[in-house]
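A.B. asks: If you're matching positions, the sequence shown starts at 99 in our numbering and goes up one per residue. Note that the Cβ used here is the ideal one computed from N, Cα and C, for glycine as well. One structure follows; several queries about it will come next.
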Amino acid sequence: LCMSCSHSLAHSWRIFAMLKTLMVAIAGLGLSAAVSAQELVEGQHYTLLESPVETQVDEGQIEVTEAFWFGCPHCYRLQTPVNEWYETLEDDVSIVHMPATMGGAWNTHATAFYAAESLGIEDELHADFFEAIHEDGR
Numbered sequence: 099l100c101m102s103c104s105h106s107l108a109h110s111w112r113i114f115a116m117l118k119t120l121m122v123a124i125a126g127l128g129l130s131a132a133v134s135a136q137e138l139v140e141g142q143h144y145t146l147l148e149s150p151v152e153t154q155v156d157e158g159q160i161e162v163t164e165a166f167w168f169g170c171p172h173c174y175r176l177q178t179p180v181n182e183w184y185e186t187l188e189d190d191v192s193i194v195h196m197p198a199t200m201g202g203a204w205n206t207h208a209t210a211f212y213a214a215e216s217l218g219i220e221d222e223l224h225a226d227f228f229e230a231i232h233e234d235g236r
């Protein structure tokens with residue numbers, strides 16, 4: 099078990115793998131304009147998975163998982179363009195926010211996110227928490 103949280107080492111590696119995937123996806127956003135003009139071809143542009151990945155959304159929905167840390171300046175700067183992109187998504191796409199947990203302040207920020215989520219105020223907290231850290235220095 100991880101000393102700073104109750105998650106297993108396998109869970110921590112899963113989070114790391116997802117963060118790595120997210121960073122690759124974010125890097126790919128810059129190329130999306132060039133790619134969007136062409137048709138995607140299986141085997142050339144993507145590989146079809148043999149078995150589906152487990153998701154947190156309803157059947158028929160597409161899950162986009164946003165891994166973030168409130169203390170990350172890159173995550174903060176990406177909030178506006180990512181939120182603008184979210185507005186363009188079809189109704190069959192669901193966004194799942196997943197705070198990264200690497201110990202220390204990361205876990206404290208994740209706890210605040212999950213507390214806000216359980217209270218139904220995560221949307222308000224998300225922008226406010228980022229601004230408090232990066233604009234107000236709190």
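Excluding sequence positions up to five away, which residues of its chain have a Cβ less than 7 Å from the Cβ of Glu161?
C.D. replies: Numbered from 1 along the sequence shown, position 63 holds the residue referred to as residue 161. These residues qualify, in order along the chain: Thr153, Gln154, Val155, Ser192, Val194.
A.B. asks: Measuring alpha carbon to alpha carbon, tell me which residue in Thr186, Tyr144, Met196 is nearest Asp221.
C.D. replies: Counted from its first residue, the sequence shown places residue 221 at position 123. The shortest C-alpha separation from Asp221 is found at Met196.
A.B. asks: For a test of the three-state rule: what should DSSP assign to Phe166, helix, strand or coil?
C.D. replies: Counting from 1 along the sequence shown, the entry for residue 166 is found at position 68. Note: Phe166 maps to strand in three-state DSSP.
A.B. asks: Taking 8 Å as the threshold, find out whether the region 174-183 comes into contact with the region 135-145 through three or more Cβ pairs.
C.D. replies: Cβ pair count under 8 Å is below three, so no.
A.B. asks: Answer yes or no: do Phe228 and Ala198 have a C-beta to C-beta separation smaller than 9 Å?
C.D. replies: Stepping through the sequence shown from its first residue, residue 228 is reached at position 130. Stepping through the sequence shown from its first residue, residue 198 is reached at position 100. Result no, Cβ atoms of Phe228 and Ala198 do not sit closer than 9 Å.
A.B. asks: Per DSSP, what kind of secondary structure is Cys100 in: helix, strand or coil?
C.D. replies: As a position in the sequence shown, residue 100 is number 2, starting the count at 1. For Cys100, the pLDDT reaches just 44, beneath the cut-off of 50, and the residue's location in the model is therefore unreliable, leaving the point undetermined.
A.B. asks: Taking the CB atoms as reference points, tell me whether Gly235 and Trp204 lie closer together than 9 Å.
C.D. replies: One-based indexing of the sequence shown puts residue 235 at position 137. One-based indexing of the sequence shown puts residue 204 at position 106. Contact flag unset, no.
A.B. asks: Decide if Ala208 is buried, meaning its Cβ has at least 16 other Cβ atoms within 10 Å, or exposed.
C.D. replies: Here the question's residue 208 lines up with position 110 in the sequence shown. Classification of Ala208: buried, given that the 10 Å Cβ count is 16 or more.
A.B. asks: Tell me whether His224 is buried or exposed, calling it buried when 16 or more other Cβ atoms sit within 10 Å of its Cβ.
C.D. replies: Walking along the sequence shown from the start, residue 224 turns up at place 126. When all chains shown are included, His224 counts as buried.
A.B. asks: Quick check on Ile160: does DSSP put it in helix, strand or coil?
C.D. replies: By 1-based counting over the sequence shown, the position of residue 160 is 62. Residue state, collapsed to three classes: strand.
A.B. asks: Using a Cβ-Cβ cutoff of less than 7 Å, which residues in the same chain neighbour Ser216 once the five nearest sequence positions on both sides are dropped?
C.D. replies: In the sequence shown, counting from the first residue as 1, residue 216 sits at position 118. If we look at Ser216 and ignore the five residues flanking it on each side, it has no Cβ neighbours.
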